[in-house]
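Its first residue numbered 1, the sequence shown is counted upward by one per residue in full-length UniProt numbering.
For each residue, glycine too, the CB sits at the ideal point set by N, CA and C.
From a predicted model like this one, the values you see are computed outputs, not experimental measurements.
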Amino acid sequence: MEYFVPAWHGQLIDWAFNVPRIEIYDEISNMRLLRKGDRKVGLVLTDYQPQYLTKLNQIAFYPDELFSVFDYLQDVNTHESQTVDYLDLNWPQNIRFDFTPFKIMASVNNQLYANIIFDFNGKILNVEYFDENGQITKKLIFDTRGFISSVIIGDEEIYYDPMGHWRFKHNIKTDAVKINPIFHFTNKQEYAHLNELVTEVMENQFLNKVTDDDHLIVTLDDQATVNLDVYKSYRTIFALNQYYPYKGDLSKIDDHYLIVDNREIALKIDPSVSYIVIPTFQAEFKLGHSQQLRKQIVGVFIEHTDYEDLKQIVFNLYPHLLNHATREEISFLYYDNKKENEINQVLAELKKAHPNEFELNRPQKDEVENQFEDENKLPNLIIKSQRLSSIADAIKILDKIRLLISWNSNDPFIQTAAVSVGIPQLQNFETLQLINHKNGLICKDMSELAAGTNYYLDDLGNWNQALMFNVQLMNAYSAESMLKKWQTVLSDKKVL
């Protein structure tokens, strides 16, 4: 069995206060990969994850074995899910419910009494209760399987079993833990720190059952609740993932394997530490359809691009777009909805700097109308913005992109997806997915963006060359290629 111990820390986001976004769950991609190689995979959760079943349902993946520290602590022995009706909770007689997407506001005498927050499947995530001053007095956190998992009151979080008995209490401020004396499932009744309790459960309830034929694949990250020393007496493979920062001393892993997911992390590793690079995402050949569109769309990924850089990108591309307004357009891509405001501000500055030179996003008419009406009009620049809220959404959008620009926005998922659809990329940083002058260009500064855009959009030969190299690159990033690397590591052959 290949047991993965991922960095699953956050709980399921609520869509009442947060916009939907792409969720990348640590190690799921590698677990899928190893299963393709006919290996059994296990998932080990060390953090509090009351909605992990919903997460697994969301990504349609179910491990061969699953161990959750908090399931043991809370005596949860089922993976079956049931729905809790909010009306079954205790409410005052004169309660009033107001319905909004993913949230119900409960009020008494026109004063907010509670917020009931739901997930995307309509299951209750949590319920927040308020005092007369609008301050939260209590918060109920629900488990996907249909019970109140914990209650937060002040600095204390109380954890329950499915029958409603409290199992242990955790002081959020001091980190101290107290076990319910009527139960006997731990070595002690009190712990100075929560991670002491978590480590005890890992050692006594999981690690003591790991055999010599099993591997542990443990993600190193700064929020880990179990010290890496606990895993060192087993056949452990440690992993570094750029999504989860780790500032610890890598020499402490001794002679265990270290897997890193990208070149940038690898370059920062001390030469005395051996590692192997296995990217997080596999490339699957799904050639895009940008060549079938009348207009060529330049995608600009700006998730990690600050306002000033965004402004410089727009102003540097403006002369090019002005001269190619009839056959090219720009589409800004991002996860965070706040980027839309930044784009609108930059476009307002562009209009102010270049008055009466262009129109922006004028409604498109059919070609016959345009032939007669657009002759005396200013160039119509099409500049759109699209938020990427799911993996399927991102793939669908990239399918129509002709060229992708990334500036200070290194995102392995987006870059691998661009390789998969075969499009060239322009960026100001080095990655494993882009080979300069092969499937894209590494630009020294923004003044090179317009020339790079011309290079690929005005010359089909250059674009086709990038496509052909992307196809070759996909072989290196294919599931088969990465599976061979994993099989080498798991067979204990030393790979540097």
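With a cutoff of 9 Å on beta-carbon distance, Y243 and I24 are scored as near each other. Boundaries around M105 are those of the beta strand (DSSP E), K103 to V108, since no alpha helix (DSSP H) includes it.
In the DSSP assignment, Q386 falls outside any alpha helix (DSSP H) and within the unbroken beta strand (DSSP E) covering I383 to R387. As a beta-bridge residue in DSSP terms, A239 pairs with T219 and I259. Within its own chain, the residues whose Cβ lies closer than 7 Å to the Cβ of E200, once the five positions on either side in sequence are excluded, are T186 and N187, listed in chain order.
Secondary structure at L33: helix, using DSSP grouped into helix, strand and coil. The beta carbon of K384 sits closer than 8 Å to the beta carbons of E329, I330, S331, F332 and N361 from its chain, once the five residues preceding and following it are set aside; these are given in chain order. The three-state reading of DSSP puts W8 in coil, since its state is none of H, G, I, E or B. In terms of Cβ geometry, N126 and I117 form a close pair [threshold 9 Å]. Under DSSP, G440 takes part in a beta bridge, and its partners are Q425 and N436.
Taking one beta carbon from each stretch, the region 73 to 85 and the region 98 to 114 have fewer than 3 pairs nearer than 8 Å; the two do not touch.
Looking at the DSSP output, S68 sits in a beta bridge with L45. Shortest Cα-Cα distance from S272 to any of Q291, I278, T83 and K252 involves K252.
With contacts defined as CB atoms closer than 9 Å, G422 and A466 qualify as a contacting pair. The beta carbons of S406 and F281 sit no closer together than 9 Å. When DSSP states are grouped into helix, strand and coil, V346 belongs to the helix group. Taking all protein chains in view, the Cβ of K123 is crowded by 16 or more other Cβ atoms within 10 Å, so the residue is classified as buried. Counted as a single uninterrupted DSSP element, the alpha helix (DSSP H) harbouring N57 occupies residues Y52 to I59.
Rounded to whole angstroms, Q82 and G37 show a C-alpha spacing of 34 Å. Beta-bridge partners assigned by DSSP to H170: E157 and V177. Sequence-distant Cβ neighbours of I153 in its own chain, meaning closer than 6 Å and more than five residues away, are K138. Annotation: the continuous alpha helix (DSSP H) that includes F469 extends over L460 to A476. For S406, the enclosing beta strand (DSSP E) has its first and last residue at I401 to S406.
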